[in-house]
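> Residue 1 is where the sequence shown starts when you use full-length UniProt numbering, and the numbers rise one by one after that.
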Amino acid sequence: MDLDLSGHRVIVTAGASGIGRAIVQAFLDEGAIVATCDIDDAALATLPEGVFRQKVDVGDSTALRGFLDMAMAHLGGLDCLVNNAGIAGPTARVEDIDLTAWHQCIDICLTSQFIACAACTDALRDSANASIINLSSVAGRVGFRLRTPYAAAKWGVIGLTKSLAIELGPDDIRVNAILPGLVAGDRQRRVLEAKAQSQGRSVAEVEAQAFSFTSIRHYVEPGQIADQIVYLASRRGSSVSGQAISVCGDTQMLA
1 MDLDLSGHRV IVTAGASGIG RAIVQAFLDE GAIVATCDID DAALATLPEG VFRQKVDVGD
61 STALRGFLDM AMAHLGGLDC LVNNAGIAGP TARVEDIDLT AWHQCIDICL TSQFIACAAC
121 TDALRDSANA SIINLSSVAG RVGFRLRTPY AAAKWGVIGL TKSLAIELGP DDIRVNAILP
181 GLVAGDRQRR VLEAKAQSQG RSVAEVEAQA FSFTSIRHYV EPGQIADQIV YLASRRGSSV
241 SGQAISVCGD TQMLA
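Structure representation (structure tokens):
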């Protein structure tokens, strides 16, 4: 589908692998110009030529702001910001979670999005087709036992998104959130392994339980997340703002 995104200037955080890489590739396929950052140098090196890239830990606010400034200068402005960076955080009972681990999860999953939105708003105001798309999670609309830092951050992303949609709407900047469910890839596998270890069960048992709460019982592919995002960034999505859009196979609960 031609979404008329040729020359669209896009920043994607954590774009070297997984969902982020699928997002970068989807924008490239639509003719967009993309800048991205990631903590993984080796993965960044494998991105297609023409992608502006920099190694950045988004939990470092100074480094993140520096990257955003350089990316917008390289792109000559900005039309779309995709806040994709996130970590799983600890898997443990609340009383066993170290405060440092809590702060790290909140900083990367939520505070980095706040910083990026604040840094990019002026540039987005100059765009004729401006959007911000924040990655939340199904954990941003349901509770998530043993994953309180992650769930708290992802619920926070929804609040950030809906508030910014109201605030930036008069500037014609759309703001939406995507809520992935069980997404195929190494990160989901690591989450299942951590939960299995914490509960003394097999990975297969934990995986089966997770899918028992999902109507469509197969993994979401990263490309399906990316497809939703490029639509929201296109003019076809010009009336969609303030929404928390689940791409999760109708997940009703997280155990």
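Backbone N, C-alpha and C define an ideal beta-carbon position, used for all residues, glycine too.
Are the Cβ atoms of E30 and V247 separated by less than 8 Å?
Taking 8 Å as the Cβ cut-off, E30 and V247 do not qualify as a contacting pair.
> Between which two residues does the alpha helix (DSSP H) holding C117 run?
Start and end: S112 to R125.
> What residue range does the beta strand (DSSP E) around V153 cover?
Contrary to the premise, residue 153 reads as Ala rather than Val in this sequence. Segment T148 to L168 is the alpha helix (DSSP H) holding A153; no beta strand (DSSP E) there.
> Consult DSSP for F67 and reduce its assignment to one of helix, strand or coil.
Helix at F67.
> Residues in the same chain with beta-carbon distance under 8 Å from A92, minus the five sequence neighbours each way, listed in chain order, please.
Here the set comprises L146 and S198.
> Any idea if V170 is buried or exposed, counting beta-carbon neighbours within 10 angstroms, 16 or more meaning buried?
According to the sequence shown, residue 170 is Pro rather than Val. P170 comes out exposed.
> Can you give the Cα-Cα distance for L68 and S212, rounded to whole angstroms?
Going by the C-alpha atoms only, they are around 41 Å apart.
> Do V138 and G181 have their beta-carbon atoms positioned less than 8 Å apart in this structure?
In this structure, V138 lies closer than 8 Å to G181 by Cβ.
> Touch check for the stretch 222-238 and the stretch 16-25: three-plus C-beta pairs under 8 Å?
Yes: at least three Cβ pairs fall under 8 Å.
> Which one of T161, V82 and A244 has the shortest CA to CA distance from A226?
The candidate whose alpha carbon is nearest that of A226 is V82.
> Hey, out of L44, F27 and G7, whose CA is closest to S17's CA?
Nearest of L44, F27 and G7 to S17, Cα basis: L44.
> Quick one: what does DSSP say R217 is sitting in, helix, strand or coil?
In the structure shown, R217 sits in coil (DSSP, three-state: anything other than H, G, I, E or B).
> Assuming I132 and L164 form a contact by the criterion Cβ under 8 Å, report the distance between their Cβ atoms to the nearest whole angstrom.
At roughly 7 Å, the Cβ-Cβ gap stays under 8 Å, so I132 and L164 are in contact.
> Kindly indicate if chain C contains any beta-carbon less than 8 Å away from that of P170.
Of the chains in the structure shown, none is chain C; there is only one protein chain.
> Over what stretch of residues does the alpha helix (DSSP H) that includes G33 continue unbroken?
Reading the sequence as shown, one finds Ile at residue 33 and not Gly. Counting along the chain, I33 falls outside any alpha helix (DSSP H), though it belongs to the beta strand (DSSP E) covering I33 to D38.
> I'd like to check one pair, L78 with I158: are the Cβ atoms closer than 8 Å?
Contact: no.
> Looking at R93 and the ligand FAD, is the gap between the Cβ and the nearest heavy atom below 7 Å?
As presented, the structure is devoid of all ligands, the ligand FAD included, so that no description of it is given.
> State the beta-bridge partners of N134 as determined by DSSP.
BP columns for N134 point to N83 and A177.
> DSSP state of Q54, grouped into three classes?
Correct three-state label for Q54: strand.
> Among the candidates R190, P48 and I173, whose CA atom is the shortest distance from the CA of C120?
It is I173 whose Cα lies nearest to the Cα of C120.
> Identify every residue that forms a DSSP beta bridge with L254.
Answer is F144, bridged to L254.
> Taking the alpha helix (DSSP H) that V24 falls in, what are its first and last residues?
It spans G18 to D29 - the alpha helix (DSSP H) in which V24 sits, taken as one unbroken run.
> Check the C-beta distance from F144 over to L254 and give it rounded, since I have them as a contact under 8 Å.
So it is a contact: roughly 5 Å between Cβ atoms.
> Give the single residue among I97, S127, F114 and R65 whose Cα lies nearest to the Cα of Y150.
The candidate whose alpha carbon is nearest that of Y150 is I97.
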